[in-house]
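Sequential numbering of the sequence shown, starting at 8, is according to the working numbering. All C-beta atoms in this analysis are idealised placements derived from N, C-alpha and C, irrespective of residue type, glycine included. The structure displayed is predicted, hence computed values, not measured ones. To start, the structure itself, in structure tokens.
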Amino acid sequence: MSYVQYHHSYSLPRHILKLKPNSLGFLLVLLVSQSHVLVRSEFAEINTKHIQSKQDVANGGEDILIQHDDIKSQSGLQTLKVGATKGIPPLDTNGYIIFCPCMGRFGNQMEQMIGGLSFAKMLNRTLILPPLREDLSTFTTFTDWFQVDPILEFHRVIKGEDFMQHYGESYWPAGRRNGYCRDYVVDNNRCRMKYGLPHSAFWDYFNVDFDGVISFDLIDEVDLSLESEVKLLRKQWIERFPSSEHPVLAMYNVPGSFPSLPGNKFIQKYIKWNSSLLAEADKVKQMLFGGEKYLGIHLRVGEDWDRVCQTAVGVSSMYFASPQCKSSNHGRIFQGMCYPSVQEILDLTKEAIMTFDLRHLYIASDDNPYKEDFKETLHALNVTVHHYNPTSPHLDLIMLGEADYFIGNCISTFTSFIKRERDARGRLSTFWGYPV
Ligand code: GFB
């Protein structure tokens, strides 16, 4: 495997075409294996309007009739078998993007997902939904956490496992798999797609090895609310990396800004929890609150967070998820916003409970939940105090996302996922250090 910078032209394997009669007359049919989409090397010339409509996605892979004019080949009237397996989106001849959400933990990964989705939308390529990371080397399929269908309302996506199974060998065959790295990463000889964890575990999950790396100096962060920027970047990327030569952009760095840009926040509304996690949260809500209103709070108070705040306090520019409560260079991060005192936490909680007349408190915390302090403070208000402490963080995230009111930590990306979700659904929230 070489890691020198190079460019090569890409061509797809050719497949034998065979004449086959049917009731509509003679059609040229691509011989396909059970579920693979087989295309000719002219695939890039196909007018994609036929194979990327919502209807086609919904069909889950019907034969789609493509007229001669739509294919700049000598083949005449043809039938292209696309997405031969039900539920598998048809092959996207605009190409694909894949990246490893390799940085940080849950909240960090989800910031990266927003960046990846905005980049795919800008480029009009399908985003290959990566498996998500539970720890340094364990990945779990995207649908263990989230649903795919709501995301399809925003943009074309396909689960990584489905892509590899159905299109991996035909569209992105071994021997022609490149990684794409920002220039400076290549220059510093750091662009080793599979070097160390979690990178190696991610690509091994798909049995992918790389044959080379290609560098780029194009901007890969896009704010979808800026139309002219979107158009300019799309043009630059398509000129530099046409899908005919670069069918799959396997990115070393996650495309998109970290944290995600304000203009892309709306994408969150298409990210919906998987239904069994939602059902589990419903049961817990019923059990704890019996349908009554509750306040959800996120306490980020562990030792690692203490260290983060020692560096963050006083910083005026962006720090982790800070843009969610303060724009860059607008004021400084203060202690009560990053690591509030117990008294500050109790005071704001009490104020929120009284303002919104809430009956229950749900505490999610990575460390000390201060449960006894809350009980004492809220005793006179007849409020029940719960720290459920689930084994996986998802339940906490859902419970906080669905609370009647929420207080979170502005610097934490764990909070920022919850806040984006609540904003998308019109639910009220505030942050430690800010008023109710
Ligand atoms: O989600 P995350 O990237 O957010 O990382 P931050 C924090 C992790 O801590 C979560 C756990 O993914 C959870 O595993 N955690 C935090 C929680 N709060 C809770 C909670 O209320 N309930 C449960 N169940 N688990 C940054 C990281 O964390 O912290 C950085 O992203 C770095 O990479 C830094 O590690 C120290 O942005 O809050």
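Terminal residues of the alpha helix (DSSP H) in which residue i lies
{"i": "Y6", "result": "Absent from the model: residue 6. The displayed extent of the chain is 8 to 443, so no value can be given."}
{"i": "A319", "result": "310–319"}
{"i": "F421", "result": "420–431"}
{"i": "A359", "result": "349–363"}
{"i": "I274", "result": "Taken as a continuous stretch (DSSP letters only), I274 belongs to no alpha helix (DSSP H), as it is neither H nor E."}
{"i": "P400", "result": "400–408"}
{"i": "R339", "result": "Careful: R339 lies outside any alpha helix (DSSP H) and carries neither H nor E."}
{"i": "M120", "result": "113–130"}
{"i": "E287", "result": "282–296"}
{"i": "Q243", "result": "234–247"}
{"i": "F502", "result": "Not covered by the structure: residue 502. The range shown for the chain is 8 to 443."}
{"i": "D380", "result": "378–385"}
Supposed contact pair residue j and residue i - C-beta distance, whole angstroms, cut 8 Å
{"i": "H367", "j": "L295", "result": "7 Å"}
{"i": "I104", "j": "R132", "result": "5 Å"}
{"i": "V261", "j": "G122", "result": "6 Å"}
{"i": "Y277", "j": "E160", "result": "6 Å"}
{"i": "N389", "j": "V308", "result": "Their Cβ separation, rounded to whole angstroms, is 26 Å, which puts N389 and V308 out of contact at 8 Å."}
{"i": "L402", "j": "V392", "result": "With 8 Å as the limit, L402 and V392 do not qualify as a contact, their Cβ atoms being about 17 Å apart."}
{"i": "L225", "j": "R247", "result": "6 Å"}
{"i": "L136", "j": "V164", "result": "5 Å"}
{"i": "L302", "j": "Y412", "result": "5 Å"}
{"i": "V193", "j": "V220", "result": "6 Å"}
{"i": "C448", "j": "Q331", "result": "Residue numbering for the chain in the displayed model covers 8 to 443; residue 448 lies beyond these limits and cannot be assessed."}
{"i": "M406", "j": "Y377", "result": "At roughly 17 Å, the Cβ-Cβ gap does not stay under 8 Å, so M406 and Y377 are not in contact."}
{"i": "D380", "j": "L404", "result": "Not a contact, Cβ separation roughly 24 Å."}
Span separating the alpha-carbon of residue i from that of residue j
{"i": "G102", "j": "F126", "result": "13 Å"}
{"i": "G263", "j": "K292", "result": "35 Å"}
{"i": "A359", "j": "V443", "result": "6 Å"}
{"i": "D190", "j": "R427", "result": "32 Å"}
{"i": "E425", "j": "D364", "result": "The sequence given here has Ile at residue 425, not Glu. C-alpha separation (whole angstroms): 22 Å."}
{"i": "L435", "j": "R429", "result": "7 Å"}
{"i": "T437", "j": "Q154", "result": "27 Å"}
{"i": "W152", "j": "T420", "result": "17 Å"}
{"i": "E310", "j": "S235", "result": "44 Å"}
{"i": "K201", "j": "T362", "result": "52 Å"}
{"i": "C109", "j": "S348", "result": "32 Å"}
{"i": "R432", "j": "F113", "result": "21 Å"}
{"i": "E69", "j": "N281", "result": "At E69 the pLDDT is 28, less than 50, meaning the model places this residue with poor confidence; the figure from the coordinates comes in the next sentence. Their Cα atoms are separated by approximately 27 Å."}
{"i": "K290", "j": "P97", "result": "37 Å"}
{"i": "P157", "j": "I274", "result": "10 Å"}
{"i": "S177", "j": "D142", "result": "32 Å"}
{"i": "S372", "j": "N336", "result": "29 Å"}
{"i": "Y441", "j": "P400", "result": "25 Å"}
{"i": "R197", "j": "S222", "result": "12 Å"}
{"i": "H305", "j": "K357", "result": "15 Å"}
{"i": "C345", "j": "G415", "result": "10 Å"}
{"i": "D218", "j": "T147", "result": "26 Å"}
{"i": "V322", "j": "R339", "result": "5 Å"}
{"i": "L233", "j": "G270", "result": "8 Å"}
{"i": "K93", "j": "W179", "result": "21 Å"}
{"i": "K128", "j": "I245", "result": "13 Å"}
{"i": "N115", "j": "A328", "result": "9 Å"}
{"i": "N195", "j": "C188", "result": "11 Å"}
{"i": "Y174", "j": "R184", "result": "13 Å"}
{"i": "M325", "j": "A410", "result": "28 Å"}
{"i": "T398", "j": "L285", "result": "16 Å"}
{"i": "K382", "j": "L124", "result": "42 Å"}
{"i": "H162", "j": "D99", "result": "12 Å"}
{"i": "K283", "j": "T150", "result": "In the sequence on display, residue 283 carries Ser and not Lys. Cα to Cα, the separation comes out at about 10 Å."}
Start-to-end residues for the beta strand (DSSP E) that takes in residue i
{"i": "V392", "result": "391–393"}
{"i": "M258", "result": "255–258"}
{"i": "G415", "result": "412–415"}
{"i": "S436", "result": "436–438"}
{"i": "S323", "result": "Counting along the chain, S323 falls outside any beta strand (DSSP E), and DSSP gives it neither H nor E."}
{"i": "L136", "result": "133–136"}
{"i": "H367", "result": "367–372"}
{"i": "F106", "result": "103–106"}
Within-9 Å CB hit, residue i to chain D
{"i": "I165", "result": "Checking the listed chains, one finds no chain D in this structure; it contains a single protein chain."}
Entirely enclosed alpha helix (DSSP H) segments - the region 158–225, minimum 4 residues: Entirely contained in the region 158–225, the alpha helix (DSSP H) runs reaching 4 residues are, in chain order, 167–170, 190–194, 206–212.
At least 3 beta-carbon pairs within less than 8 Å: the region 167–181 vs the region 213–221: Under the Cβ criterion (8 Å, minimum of three pairs), the region 167–181 counts as touching the region 213–221.
The region 189–209 touching the region 251–259, judged by at least three CB pairs closer than 8 Å: Segments in contact, yes.
Cβ contact (3+ pairs, closer than 8 Å) linking the region 216–231 and the region 264–272: Yes, since at least three Cβ pairs between the region 216–231 and the region 264–272 fall closer than 8 Å, the two stretches touch.
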